[in-house]
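Below you'll find the structure, written out as structure tokens, and then a few comments.
Protein chains: 2
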Amino acid sequence: MRAKAGKNRKPSAPRADDFWPLLVEFALSQRAWWVGLCAEFDLTAMQGHALRILDPGRPVAMNTLAEAMTCDASNVTGIVDKLESRGLIARQGSDGDRRVKHLAVTDKGRTLREELCARTMVPPDAVKALSADARRRLAEILAKIVRERGGAADVPKSA
Amino acid sequence: MRAKAGKNRKPSAPRADDFWPLLVEFALSQRAWWVGLCAEFDLTAMQGHALRILDPGRPVAMNTLAEAMTCDASNVTGIVDKLESRGLIARQGSDGDRRVKHLAVTDKGRTLREELCARTMVPPDAVKALSADARRRLAEILAKIVRERGGAADVPKSA
DNA sequence: TATTGTTATACTCTATAACTATA
DNA sequence: TATAGTTATAGAGTATAACAATA
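So the protein sequences, as listed, match chains F and X.
Numbers in this note's numbering are just positions in the first sequence, counted from 1, shifted up by 375.
Numbers in this note's numbering are just positions in the second sequence, counted from 1, shifted up by 375.
So, in structure tokens, the structure goes:
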């Protein structure tokens, strides 16, 4: 009867080969969490993504933002339009190249961004329960994986 | 070289407090990977998501699929329409409740699904390099986190 | 009355292609 | 010519509300 491995979720000890599947499962399942979190700030997932990537300390070119969001530049125009219309960010001309527009985070945007990032960074209890040593070892491994998979969107830690 | 926005990427050892941020970073950054992987099979991210959730061994109600995808049922209609028009899945009437439609994965859909899942499960080199013991310990921790965050979409491992 | 799935609607995200203003 | 950003367009995901068939 236990032919179907999918159901009857087993709370028993996971095996070594479960690690990567679990990591994928975690990654794919966090979309809903992110959408919900952003919605609390009246942001769509992509708007939140953009705001998270932008650096309050250093304006970033539209171009660069598009690259970090792995989507087309034409797409970013609309997303930036909405953030700008809410006064969260502002387009700035570039000194060197007049074609380039830099995106600055406004005070209002910085406040909202910090709240969003703070909420993002609250770890679940299962993580809090880990010893510092365990977390450090895990962090080392994850850092390698993120590096290998080209993950890091280069998010500024704070203001 | 300007690509990496300003941070002189620190290859130094991550700290304990970096673990959760790294995990979030990983999760949020895998969207592009998933989109690209699904695109190889001419699937959108959500179509791939649906196909991955569906169980070739046991038809699932539209309702249940919507819940697993954390999106509205009205949304699922269109996604299922596209998968069905490609002959990957089929709507089936339910014996008990004639309002309910179950989604069966066709042979063609099962084949494609298995390829997609197989590709999904190929771990990056950084994971392969870990010892079985390290992976087992990591899997235990992740299992707790996924359980706590309500992640697991209960994906059937195979056919 | 309540529920399942569909349709209608409106909005966002998405890439492609064409456009502009610069370079 | 080439590039940064915009606009136009078309397709897909999204939720809400209204609907039909069934419970």
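Virtual Cβ for every residue (Gly too), placed ideally from N, Cα, C.
These numbers were taken from a predicted model, which means no experiment stands behind them.
Between A479 (chain X) and A465 (chain X), the C-beta gap is smaller than 9 Å, which places the two residues in contact. Within the region 431-457 of chain X, the residues whose Cβ lies closer than 8 Å to some Cβ of chain F are G432, R433, T445, listed in chain order. For R524 (chain F), the closest Cβ of chain X is nearer than 9 Å. Within chain F, no residue has its CB atom less than 7 Å from the CB of T419 (chain X), the nearest being about 14 Å off.
Contact annotation: in the region 400-417 of chain X, residues whose CB is within less than 7 Å of a CB in chain F are E400, F401, A402, L403, S404, Q405, A407, W408, W409.
Flagged as an interface residue toward chain F: R390 (chain X), by a C-beta distance shorter than 9 Å.
Bridge pairing for R466 (chain F): F:L478 [DSSP]. Of the other Cβ atoms in all chains shown, 16 or more fall within 10 Å of the Cβ of Q422 (chain F); this residue is therefore buried. DSSP, reduced to helix, strand and coil, places D472 (chain X) outside both helices and strands of the structure shown, so it counts as coil.
With fewer than 16 other Cβ atoms inside 10 Å of its own Cβ, A504 (chain F) counts as exposed. The region 376-442 of chain F is shown to contain whole alpha helix (DSSP H) runs of 4 or more residues at 394-414, 420-428, in chain order. For A514 (chain X), the uninterrupted alpha helix (DSSP H) run begins and ends at 507-523, by DSSP.
Residue range 448-460 is occupied by the alpha helix (DSSP H) that includes D456 (chain X).
The contact set of A514 (chain X) on chain F, defined by CB atoms closer than 7 Å, consists of P389, R390, A391, D393, F394, L397 in chain order.
Taking a beta-carbon distance threshold of 9 Å, I520 (chain X) counts as an interface residue toward chain F. Judged by their CB atoms, I520 (chain F) and A509 (chain X) are not nearer to each other than the 9 Å cut-off.
Counting along the chain, the unbroken alpha helix (DSSP H) around V502 (chain F) starts and ends at 500-503. At least one beta carbon of chain F lies nearer than 9 Å to the beta carbon of H424 (chain X).
Using a Cβ distance threshold of 9 Å, C413 (chain X) and A402 (chain X) do not count as a contacting pair.
The three-state reading of DSSP puts T445 (chain X) in coil, since its state is none of H, G, I, E or B. In this structure, G462 (chain X) lies near G484 (chain X), with their beta-carbon atoms less than 9 Å apart. In this structure, the alpha-carbon of E489 (chain F) lies about 13 Å from that of H424 (chain F). Taking 8 Å as the upper bound for CB-CB distance, R427 (chain F) and L487 (chain F) are not in contact here, some 11 Å apart. Near chain X, meaning a CB-to-CB distance below 7 Å, no residue of the region 462-492 of chain F qualifies. V410 (chain X) and H477 (chain X) do not touch by the CB rule: their CB atoms are close to 28 Å apart, not below 8 Å. Contact annotation: A518 (chain X) and P389 (chain F) have beta-carbon atoms nearer than 9 Å.
Here F394 (chain X) really is in contact with A514 (chain F); their C-beta atoms are around 4 Å apart, less than 8 Å.
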